[in-house]
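Notes to accompany the following structure.
There are 2 protein chains.
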Amino acid sequence: MLGGLALSAVVAPHANAASGLLQPLSVEPWTRMPGAPILDHPYGLPSPRESVVVRRAARAWPVPGAASSLTPLADLHGAITPNGLVYERHHAGVPDIDPDQHRLVIHGLVREPKLFTMEDLLRLPSESRVHFLECSGNTASEWKGPSGLPVQLTHGLLSCCEWTGVRLSTLLEAAGGLAANNGHAPRWILAEGADAAAMTRSLPLDRVLDRALVVYAQNGERLRPENGYPLRLLVPGFEGNTNVKWLRRLKLVDAPLETREETSKYTNLLADGRARQFVFEMDAKSVITRPSPGHKLTTHGYYPIVGLAWSGRGAIRQVEVSVDGGRSWQPARLDGTPGDRALTRFHTGWVWNGEPATILSRATDSTGYIQPTREALVAARGLNSNYHYNAIQQWRVDADGSVKNA
Amino acid sequence: MLGGLALSAVVAPHANAASGLLQPLSVEPWTRMPGAPILDHPYGLPSPRESVVVRRAARAWPVPGAASSLTPLADLHGAITPNGLVYERHHAGVPDIDPDQHRLVIHGLVREPKLFTMEDLLRLPSESRVHFLECSGNTASEWKGPSGLPVQLTHGLLSCCEWTGVRLSTLLEAAGGLAANNGHAPRWILAEGADAAAMTRSLPLDRVLDRALVVYAQNGERLRPENGYPLRLLVPGFEGNTNVKWLRRLKLVDAPLETREETSKYTNLLADGRARQFVFEMDAKSVITRPSPGHKLTTHGYYPIVGLAWSGRGAIRQVEVSVDGGRSWQPARLDGTPGDRALTRFHTGWVWNGEPATILSRATDSTGYIQPTREALVAARGLNSNYHYNAIQQWRVDADGSVKNA
Chain A
1 MLGGLALSAV
11 VAPHANAASG
21 LLQPLSVEPW
31 TRMPGAPILD
41 HPYGLPSPRE
51 SVVVRRAARA
61 WPVPGAASSL
71 TPLADLHGAI
81 TPNGLVYERH
91 HAGVPDIDPD
101 QHRLVIHGLV
111 REPKLFTMED
121 LLRLPSESRV
131 HFLECSGNTA
141 SEWKGPSGLP
151 VQLTHGLLSC
161 CEWTGVRLST
171 LLEAAGGLAA
181 NNGHAPRWIL
191 AEGADAAAMT
201 RSLPLDRVLD
211 RALVVYAQNG
221 ERLRPENGYP
231 LRLLVPGFEG
241 NTNVKWLRRL
251 KLVDAPLETR
261 EETSKYTNLL
271 ADGRARQFVF
281 EMDAKSVITR
291 PSPGHKLTTH
301 GYYPIVGLAW
311 SGRGAIRQVE
321 VSVDGGRSWQ
331 PARLDGTPGD
341 RALTRFHTGW
351 VWNGEPATIL
361 SRATDSTGYI
371 QPTREALVAA
381 RGLNSNYHYN
391 AIQQWRVDAD
401 GSVKNA
Chain B
1 MLGGLALSAV
11 VAPHANAASG
21 LLQPLSVEPW
31 TRMPGAPILD
41 HPYGLPSPRE
51 SVVVRRAARA
61 WPVPGAASSL
71 TPLADLHGAI
81 TPNGLVYERH
91 HAGVPDIDPD
101 QHRLVIHGLV
111 REPKLFTMED
121 LLRLPSESRV
131 HFLECSGNTA
141 SEWKGPSGLP
151 VQLTHGLLSC
161 CEWTGVRLST
171 LLEAAGGLAA
181 NNGHAPRWIL
191 AEGADAAAMT
201 RSLPLDRVLD
211 RALVVYAQNG
221 ERLRPENGYP
231 LRLLVPGFEG
241 NTNVKWLRRL
251 KLVDAPLETR
261 EETSKYTNLL
271 ADGRARQFVF
281 EMDAKSVITR
291 PSPGHKLTTH
301 GYYPIVGLAW
311 SGRGAIRQVE
321 VSVDGGRSWQ
331 PARLDGTPGD
341 RALTRFHTGW
351 VWNGEPATIL
361 SRATDSTGYI
371 QPTREALVAA
381 RGLNSNYHYN
391 AIQQWRVDAD
401 GSVKNA
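Listed in order, the protein sequences are those of chains A and B. For the first sequence, UniProt numbering assigns the number 1 to the initial residue and increments by one for each residue that follows. For the second sequence, UniProt numbering assigns the number 1 to the initial residue and increments by one for each residue that follows.
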């Protein structure tokens, strides 16, 4: 059946006696009978055999609606996150919004305040761009050292989609442009969500005007309910929380409104008791997703090392990988041309000889910024900053091939 | 509630008396109560309010497993097709393959034939790339003139994903490289699927070696069952059928095997009775997806015109749009830098004055090839070529705003 070739030659590159690979290609049951018809799945789902690849919560939350679920990075490939696995962080659960009733208002220091229906927004010029979203609390588990958690729970408040929507600047144009009033100049913009938390954040206009989008689609289709259906703000590179979901209101103002989510929350307490406020951009960061905790190296030999790198300040310029605890580094190969504020998949290879090893990755972005060590990050920020942890992450490979966050 | 602004000023850009937009922003029920908790959806789905956005079959097929379903292009945005909506074309249904039992063999004119498990393949170097897939039968409905069908049914055998897998050249390397035998030189490669159709296609090695991937993931997650789980061939730019799903075998041979799917099917009958065989690349093509048949222009004024363009021979260089039946053309804006053999979203705008109009788009690819008119295509190919229809597509806008394929 294999064209007369010697069956003993048909072996896998890493075959060994235990793996049972010294078998001919057999005709399996699924080749012997017709498969399932098409109309079983007008909207498709993953194979039930992949049912372990789901979002998970890091912990039990006291209020079910004020919680997060994390993207299973260890099982994903490439840079795009499929919509079903995009991470969630909600403050009052997922509202069920009727898009025909939903409205977006833009008001405050503009010439002509406007109310938009979804149909109105779809009649404005749009654009699509690939950008990551990262919760500012991502990887907070590692501030005090290795948490033991797998990469889904340490780094999974991170996803990347192709987003489609209308530029904020287009909406401002539709509202007749900015307009100072009684000495109040339009320097900030308040975004408000229609969820029960009425999530509100103030954003500096000069840093968001050239890049913010009001988006209604992700990866081709309308936003998922848990990602802001029918409308959200997207500020590429800014901490996730500022990308206000279920967006209902944009108000042009002259100063930040000091809302709850930018005073008691989403500020960064330093060692000396002062807090960094309005820290928006997520700094350059990377993590090895395979192998990562939970994976096991089964035999000695070649293993790919793959991971993700990203920066809220631009594109990824370089990723370096070390397999000796950071003593030596080799540049990784990047997929294609790294996109602006997009996840970038990196690849390198490694021949594992069976000895314990420590593997880590380090990102450099287009501004020249290099991802810091945990020690350097803690020296600068102290241990009270719950948010914006972006240190180099290491995984330990034990002699038995198990990979640990230790 | 709107900060004291005159409510009469809060109007939509296209507001009119009938649209009921002259209302203040109200606090809707979904803002008054907490939303759904997170753990309701470890793998997310679209809003039930988007339930019409599904794959559809163009017709009832006599055998349910030998059929196709089409991507709802009129309702999608950007370039990425979400996995749940990627088009399908099966010849014997969707097999339920156990990835732990699945094997890929590479044999024939190679030095060391190899059998790979999925685990073996995941231990080889990989890469991710965004490419479209188009069935060679896409848009066959239009050979004889406007079919009256909407864009999902005329152009929906078309999708675009980020694919992850192993280069064919890497697999050949793992098999010790090519090896002539008794005067037989390795010039073609046969790909065979593990479905009940045992789909087999012969491909010219010199045209696929630098770009073919054996892929196990799409848009970040493992392949969907209907798209080849756990493994398929991807030959960017080649007609869909050659991207063999459920891939089990690659055989290096010296000449095409003249299988059923490259003799009685997937050949292109010309007017003089001769057939074009082994027509692989999908030529440059474009289509306006919004507005398109089924959409209705509700008021006079500005409308975006958006659509998709692609070429199996490279990247899209330019898309032009006409709103006067092809008498004059204007260049469209393209999202980002068009990718090699990837869908490219184009945008332009149009002020509709209420008169009947005919809108169309025309793609030019990086080789300089320009999408032909239907008349030119028919003059070259006749009317018997079921496959590879890529002519300029026009939609008619009637005075009542309805859009038709006429």
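The beta-carbon is built from N, C-alpha and C at its ideal position, and this holds for glycine as well.
Under the rule that 16 or more other beta-carbon atoms within 10 Å means buried, what is residue i, buried or exposed?
| i | result |
| --- | --- |
| A/THR367 | exposed |
| A/ASP272 | exposed |
| B/GLY144 | According to the sequence provided, residue 144 of chain B is Lys. The question's Gly does not apply to it. With fewer than 16 Cβ atoms within 10 Å of its Cβ, B/LYS144 is classed as exposed. |
| A/ALA379 | exposed |
| B/GLU162 | buried |
| A/SER322 | buried |
| A/ASN390 | buried |
| A/THR337 | exposed |
| A/ALA191 | buried |
| A/ALA255 | exposed |
| A/GLU142 | buried |
| B/THR263 | exposed |
Which value, in whole angstroms, describes the spacing of the CA atoms of residue i and residue j?
| i | j | result |
| --- | --- | --- |
| A/PRO230 | B/SER385 | 43 Å |
| A/LEU22 | B/ARG232 | A caution first: A/LEU22 carries a pLDDT of 43, below 50, which makes its placement in the model too unreliable to give a value. |
| A/LEU76 | A/VAL306 | 10 Å |
| A/HIS295 | A/VAL403 | 6 Å |
| B/VAL11 | A/ALA174 | Residue placement at B/VAL11 cannot be trusted, given a pLDDT of 35 that sits under 50; what the coordinates show is reported in the next sentence. B/VAL11 and A/ALA174: Cα-Cα distance of roughly 11 Å. |
| B/GLY148 | B/ALA406 | 6 Å |
| A/GLY165 | B/GLU258 | 48 Å |
| A/THR31 | B/ALA197 | 8 Å |
| B/ALA79 | B/CYS160 | 7 Å |
| B/ALA357 | B/LEU377 | 24 Å |
| A/HIS91 | A/CYS135 | 13 Å |
| B/GLN393 | B/PRO293 | 12 Å |
| B/LYS251 | B/GLU127 | 23 Å |
| residue 439 of chain A | B/TYR43 | Only positions 1 to 406 of chain A appear in the structure, and residue 439 of chain A is not among them; the question remains open. |
| B/GLY339 | A/VAL94 | 35 Å |
| B/LEU178 | B/HIS347 | 46 Å |
| A/GLY382 | A/MET199 | 28 Å |
| B/ASN353 | B/VAL397 | 11 Å |
| A/TYR369 | B/VAL351 | 46 Å |
| A/THR49 | B/LEU85 | The sequence as given places Arg at residue 49 of chain A; Thr does not occur at that position. Using only the alpha carbons, I get a separation of about 20 Å. |
| A/GLY401 | A/ASP195 | 46 Å |
| A/PRO34 | B/ARG103 | 19 Å |
| B/TYR216 | A/GLY301 | 22 Å |
| A/GLY156 | B/ARG345 | 30 Å |
| B/GLN371 | B/SER361 | 9 Å |
| B/GLY220 | A/VAL319 | 20 Å |
| A/PHE278 | A/LEU133 | 17 Å |
| A/ALA140 | B/ASP365 | 47 Å |
Is any beta-carbon of chain D found at less than 9 Å from that of residue i?
| i | result |
| --- | --- |
| B/ILE97 | Of the chains in the structure shown, none is chain D; the protein chains are A and B. |
Among all the DSSP beta bridges, which residues are the ones paired with residue i?
| i | result |
| --- | --- |
| B/LEU361 | Just to set this straight, residue 361 of chain B is Ser in the shown sequence, not Leu. Partner(s): B/VAL321. |
| B/LYS265 | None; B/LYS265 has no bridge partner. |
| A/HIS347 | A/VAL306, A/ARG333 |
| B/SER402 | B/LYS296 |
| A/ILE316 | A/ASP365 |
| A/SER311 | Answer by DSSP bridge pairing: none, since A/SER311 is not bridged. |
| B/GLY165 | B/GLU127, B/VAL215 |
| B/ASN181 | B/HIS184 |
| A/TRP352 | A/GLY301 |
| A/ILE370 | A/THR364 |
| A/LEU70 | A/ARG56 |
| B/ARG396 | B/THR358, B/LYS404 |
| B/ALA36 | A/VAL94 |
Contact between the segment 38-51 of chain A and the segment 52-72 of chain B (3+ Cβ pairs under 8 Å): Yes: at least three Cβ pairs fall under 8 Å.
Beta strand (DSSP E) segments (min. 3 residues) lying fully within the segment 73-160 of chain B: The beta strand (DSSP E) runs lying completely inside the segment 73-160 of chain B and spanning 3 residues or more are 88-90, 103-108, 114-117, 127-134, given in chain order.
The segment 303-322 of chain A in contact with the segment 235-251 of chain A per 3-pair CB rule at 8 Å: When C-beta atoms of the segment 303-322 of chain A are compared with those of the segment 235-251 of chain A, three or more pairs fall below 8 Å, so the two segments count as touching.
Cβ pair count under 8 Å reaching 3, the segment 203-212 of chain B against the segment 168-187 of chain B: The segment 203-212 of chain B, when compared against the segment 168-187 of chain B, does touch it at the 8 Å Cβ threshold.
Beta strand (DSSP E) runs contained entirely in the segment 186-244 of chain B, provided each spans 3 or more residues: Taking 3 residues as the shortest admissible run, the segment 186-244 of chain B contains the following complete beta strand (DSSP E) segments, listed from N- to C-terminal end: 188-193, 200-204, 213-218, 232-234.
Inside the segment 246-300 of chain A only - alpha helix (DSSP H) runs reaching at least 4 residues: Look at the segment 246-300 of chain A and you find no whole run of alpha helix (DSSP H) that is 4 residues long or longer.
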